[in-house]
Amino acid sequence: ELVSCVGWTTADELYSCSDDHQIMKWNPLTSETTRVVKLPDDIYPIDLHWFPRSVGGKKQSHAESFVLTSSDGRFHLISKLGRVEKSVEAHCGAVLAGRWNYEGTALVTVGEDGQVKIWSKSGMLRSTLAQQGSPVYSVAWGPDSEKVLYTSGKQLIIKPLQPNAKVLQWKAHDGLILKTDWNSVNDLILSAGEDCKYKVWDSFGRALYSCQPQDYPITSVAWALDGELFAVGSFNTLRLCDKTGWSYALEKPNTGSIFNISWSTDGTQLAGACGNGHVIFAHVVEQRWEWKNFEITLIKRRTMKVHNVINDAVDSLEFRDRVIKASLDHGYLVVSTSLQCYVFSTKNWNTPLIFDLKEGTVSLILQAERHFLLVDGGGLYLYSYEGRLISSPKYPGMRTDTLNAQTVSLSNDTLAVKDKADEKVIYIFEALSGKPLGDGKPLTHKTEIVEIALDQKGLTSERKIAFIDKNRDLYITSVKRFGKEQKIVKIGTMVQSLAWNDTSNILCGIQDTRFTVWYYPNTVYVDKDLLPKTLCEKDASEFSKNPQIVCFVGNQITIRRADGSLVHLNVSPYPSILHDYVRSSRWENAVRLCRFVKDQTLWACLAAMAVANKDMATAEIAYAAIGEIDKVQYINSIKDLPSKESRMAHMLLFSGNTQEAETLLLQTGLIYQAIQVNINLYNWDRALDLAVKHKTHVDTVLAYRQKFLEDFGKKETNKRFLQYAEGVSV
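Residue numbers (UniProt numbering): 1 to 730.
Here it is in structure tokens:
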């Protein structure tokens, strides 16, 4: 009889249920199959879902019980050994789907009677979330277990558990929707319909991808846990797709319709419940990693092939267990298997460093130049390339299973994490100690943040973080915060994707229809008007809709288009050479380079870099080259100032840091200059405050004020000025 549902308990054990009333247990490693239990003849199983493994922070090694929904209107709580512990009357007609939430505290069931019901862990009815006139075929929990997504004919509906909250509903297909799934890591939704299409949506109901009509209705879709891949099942068809929608592989097995797909917990394999009574197992192979001249392919589950494209040398890497995750960057290949982690240097493939893993399933590997980060269900672990555990940062309410490369960023001295609990907050840690940076407060933005990235080079004290919020605006801010709030500055709009360069602090991003490179993003803190002159923009229409930046290594940027093809772009090598010169304070070489290249963008970068590093001679040359004569004059006037402190203060003023400039002048006792600065900026109240507080130059302030009012033909209306004007003759 047809197999209706499948579900993994561990990475190597699968349960399947069929219309022949049997529950079978499979072990794909040893190819053993055993019958767990034969259900009563009146129970035809429809859907199965294992109780979540990580509950309340404790990880069980395997799931202990599952919910099975059946055609007689009941759902059954069944133990791993096959004992039916409870059967509950739930719906009129068949119960078409049942799903535990991520914490295991609630169960949602949907049925042919059009009802969506929420149950407690023990099977008591908590609430009826929705009622409608047509059957609900599929249901999924939102990432935070606070919303439920279900189907209604051709519509998809997202309904929060809170009463009176806004319900989101949209028409998703031209035929009946048969299956839907919602991923907790990337927050994307899949839907499959009788109109022979599968589609990808974001959680606001915006369509991100829609496939061409296939030959048969799509009967199943399922996300891999880490949200990078999804699988699609149809009649004699199994397809593997990227999260952006394009296809990696298409298989045509002899299965009948595949009614249900379940991914194993480590995301390396999946199982399908087939209409002809078979259970199909599939393994994901041939993932590829590229870095500079190396191309690495996973050819079998435990074998990698390394290809050096310069000399055509080929190496083969064998592993004891199957490969789960890998990452290639900064001259190292880091591979995690089910029990161990291997670190290879690209200079020597024969002697990897191997250490054992605590938790097992690694969900994310991130690399920086000096160390790398492993993320698994239990936490964040930072290792050196020698295999030494450096630190494991923690923050309150940490849920590591929802982190991905967009929400975690690593540099040589800093780790940044955007948490799911509060989307507006970024936690920032010192990499070496694992403690929160600075005063321990996280970085908070006014709207939800979508993607974050730390720059890779330069001094720790100047570490910057760039992030995109949900309005697709790009911001940059400094990571170090000592009490004083560093400005969060907006440097781009409609940014789809971003990446920092690996060797210098150059940022690239795709904005709307343009591809933009910010050669020196720090300009916003030095001379904001200069920022547009330090950009390089190209037309991005050739990348089609929704392209993603894969990496930015050296001066080559790799972009993946929406159809899955890779495009390589080259940017000018000169800005990164300029960054190197400035980092080692070789100003003469920097000026010489700019004169050789004769490019306005490069001169603008040099001007900003020189001001940031307080090298006024170079700044003067650079500003003159881009024709900013007013700034050249101001720099000249700074040079002629008598004391070092006032020169410093005026350089701060040049960068627009008026508050710091004033503080510096007051600290060194240059009261008159501090007052004069405020007068020049027309901060009359502050100038008067300083004069009165220090009992000096009150008459000067009043004189300037009087002249200012006379120039504009106005009368004095400010009470404080009137009050002091009586007592002082000007």
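Glycine included, C-beta positions come from ideal geometry on N, C-alpha and C.
Starting from Asn633, trace the beta strand (DSSP E) both ways and give me its first and last residue. Counted from its first residue, the sequence shown places residue 633 at position 633. The residue asked about is misnamed: residue 633 is Gln in this sequence, not Asn. Here Gln633 belongs to no beta strand (DSSP E); instead the alpha helix (DSSP H) covers 629-639.
Go through its chain and collect everything with a Cβ distance to His173's Cβ below 6 angstroms, but skip five positions before and after it. Translated into the one-based positions of the sequence shown, residue 173 becomes position 173. Hits under 6 angstroms: Lys154, Gly193, Asp195.
Between the beta-carbon of Lys96 and the beta-carbon of Gly111, is there less than 8 angstroms? On the sequence shown, residue 96 is found 96 positions in, with the first residue counted as 1. On the sequence shown, residue 111 is found 111 positions in, with the first residue counted as 1. Reading off the sequence shown, one finds Leu at residue 96, where the question assumed Lys. Yes; because the gap between Cβ atoms is below 8 angstroms, this pair is in contact.
Since I believe Glu103 is in contact with Pro145 (beta carbons under 8 angstroms), could you give me their beta-carbon distance rounded to a whole number of angstroms? Along the sequence shown, read from residue 1 onward, the residue named residue 145 stands at position 145. Along the sequence shown, read from residue 1 onward, the residue named residue 103 stands at position 103. Sequence inspection shows Ser at residue 145; the Pro mentioned does not correspond to that position. Correct: roughly 6 angstroms between the Cβ atoms.
What's the call for Asp512, buried or exposed, on a 16-neighbour Cβ count within 10 Å? Translated into positions along the sequence shown, residue 512 becomes position 512. With fewer than 16 Cβ atoms within 10 Å of its Cβ, Asp512 is classed as exposed.
For the beta strand (DSSP E) that Ala649 lies in, which residues bound it at each end? Counting from 1 along the sequence shown, the entry for residue 649 is found at position 649. Premise fails: Ala649 lies in the alpha helix (DSSP H), 644-654, not in any beta strand (DSSP E).
Exposed unless 16 or more other CB atoms sit within 10 angstroms - verdict on Lys631: For the purposes of this step, residue 631 is taken as the residue at position 631 of the sequence shown. When all chains shown are included, Lys631 counts as buried.
Span of the alpha helix (DSSP H) around Gln214: Numbered from 1 along the sequence shown, position 214 holds the residue referred to as residue 214. No alpha helix (DSSP H) holds Gln214; DSSP gives it neither H nor E.
Gln406, buried or exposed, once every other Cβ within 10 Å from all chains shown has been counted against 16: Walking along the sequence shown from the start, residue 406 turns up at place 406. That one is buried.
Which residues DSSP lists as bridging Gln511, in chain order: The residue you call residue 511 lines up with position 511 of the sequence shown. Partner(s): Val495, Arg514.
Here's the rule: buried if 16 or more other CB atoms are within 10 angstroms of the residue's CB, otherwise exposed. What is Arg705? Counted from its first residue, the sequence shown places residue 705 at position 705. Per the 10 Å Cβ criterion, buried.
Can you tell me the Cα-Cα spacing of Arg83 and Ser122, whole angstroms? Residue mapping note: residue 83 aligns to position 83 of the sequence shown, counting from 1. Residue mapping note: residue 122 aligns to position 122 of the sequence shown, counting from 1. Distance between the alpha carbons of Arg83 and Ser122: 15 angstroms.
Taking the runs of the beta strand (DSSP E) that are 3 residues or longer, which of them lie wholly in the segment 506-566? 507-511, 514-518, 535-539, 548-553, 556-560
Rounded separation between Tyr520 and Thr265 - CA only: What you label residue 520 is simply residue 520 of the sequence shown in a count that begins at 1. What you label residue 265 is simply residue 265 of the sequence shown in a count that begins at 1. Each residue's Cα considered, the two are about 42 angstroms apart.
Give every residue of the same chain whose Cβ lies closer than 7 angstroms to the Cβ of Gly57, excluding the five residues on either side of it in the sequence, and list them in chain order. Position 57 of the sequence shown, counting from 1, holds the residue named residue 57. Summary for Gly57: the model assigns pLDDT 49, below 50, so the residue's position carries little reliability, and this model does not support an answer.
On the CB-based measure, 16 or more other CB atoms within 10 Å of its CB, does Pro573 come out buried or exposed? Translated into positions along the sequence shown, residue 573 becomes position 573. Pro573 is exposed by the Cβ-count criterion.
Buried or exposed (CB count within 10 angstroms, at least 16 for buried), Met304: For the purposes of this step, residue 304 is identified with residue 304 of the sequence shown, where counting begins at 1. Its Cβ being crowded by 16 or more others within 10 Å, Met304 is buried.
Any chance the segment 392-400 sits against the segment 419-428, with 3 or more Cβ pairs inside 8 angstroms? yes
Given a cut-off of 8 angstroms on the beta-carbon distance, is the pair Phe467 and Glu451 in contact? Here residue 467 corresponds to residue number 467 of the sequence shown, with the count starting at 1. Here residue 451 corresponds to residue number 451 of the sequence shown, with the count starting at 1. Taking 8 angstroms as the Cβ cut-off, Phe467 and Glu451 qualify as a contacting pair.
Can the beta-carbon of Val306 be found closer than 8 angstroms to that of Val323? Locating residue 306 in the sequence shown gives position 306, counting from the first residue. Locating residue 323 in the sequence shown gives position 323, counting from the first residue. No.
Would DSSP call Arg583 helix, strand or coil? Here the question's residue 583 lines up with position 583 in the sequence shown. Arg583: helix per DSSP, three-state reduction.
For a test of the three-state rule: what should DSSP assign to Cys274, helix, strand or coil? Along the sequence shown, read from residue 1 onward, the residue named residue 274 stands at position 274. Cys274: strand per DSSP, three-state reduction.
Does the distance from the C-beta atom of Ile354 to that of Ser327 stay below 8 angstroms? Position 354 of the sequence shown, counting from 1, holds the residue named residue 354. Position 327 of the sequence shown, counting from 1, holds the residue named residue 327. No, the pair does not count as a contact, with Cβ atoms beyond the cut-off.
Assign Thr717 to one of two classes, buried (16 or more other C-beta atoms within 10 Å of its C-beta) or exposed (fewer than that). Taking the first residue of the sequence shown as 1, we reach residue 717 at position 717. Burial call: exposed.
So, helix, strand or coil for Lys147, using DSSP? Your numbering for residue 147 matches position 147 in the sequence shown. Strand, per DSSP.
Within 8 angstroms, strictly: CB atoms of Leu437 and Ser391: By 1-based counting over the sequence shown, the position of residue 437 is 437. By 1-based counting over the sequence shown, the position of residue 391 is 391. Cβ atoms of Leu437 and Ser391: not closer than 8 angstroms.
Which same chain residues end up closer than 8 angstroms to Asp580 when comparing Cβ atoms and leaving out the 5 residues on each side of it in sequence? As a working mapping, residue 580 is identified with position 580 in the sequence shown. These residues qualify, in order along the chain: Ser504.
Check whether the Cβ atoms of His49 and Val36 sit closer than 8 angstroms, and answer yes or no. Counting from 1 along the sequence shown, the entry for residue 49 is found at position 49. Counting from 1 along the sequence shown, the entry for residue 36 is found at position 36. Contact: no.
If we count the other Cβ atoms within 10 Å of its Cβ and call it buried at 16 or more, is Glu620 buried or exposed? Taking the sequence shown and counting its residues from 1, one reaches residue 620 at position 620. So Glu620 counts as buried.
Can you list, in chain order, the residues of its chain whose CB lies under 6 angstroms from that of Gln169, leaving out five sequence neighbours each side? Mapped onto the sequence shown, residue 169 falls at position 169. Around Gln169: Gln155, Ile157.
Buried or exposed: which applies to Ser461, given that a residue is buried once 16 or more other Cβ atoms fall within 10 Å of its Cβ? Translated into positions along the sequence shown, residue 461 becomes position 461. Looking at its Cβ environment, which holds fewer than 16 other Cβ atoms inside 10 Å, Ser461 is exposed.
Taking the continuous alpha helix (DSSP H) assigned at Thr477, which residues delimit it? As a first step, residue 477 must be located in the sequence shown, where it is residue number 477. Thr477 -> not in any alpha helix (DSSP H); beta strand (DSSP E) instead, spanning 474-478.
Where does Leu688 fall in DSSP's three states? Within the sequence shown, the letter at position 688 stands for residue 688. Helix at Leu688.
Does the separation of the CB atoms of Ile491 and Val524 fall below 8 angstroms? To locate residue 491, count along the sequence shown from 1; it is residue 491. To locate residue 524, count along the sequence shown from 1; it is residue 524. Result yes, Cβ atoms of Ile491 and Val524 sit closer than 8 angstroms.
Sequence ranges, beta strand (DSSP E) only - wholly within the segment 65-98, length at least 3: 65-70, 74-79, 84-89
Own chain, CB closer than 7 angstroms to residue 733, minus 5 neighbours either side, in chain order: Only positions 1 to 730 of the chain appear in the structure, and residue 733 is not among them; the question remains open.
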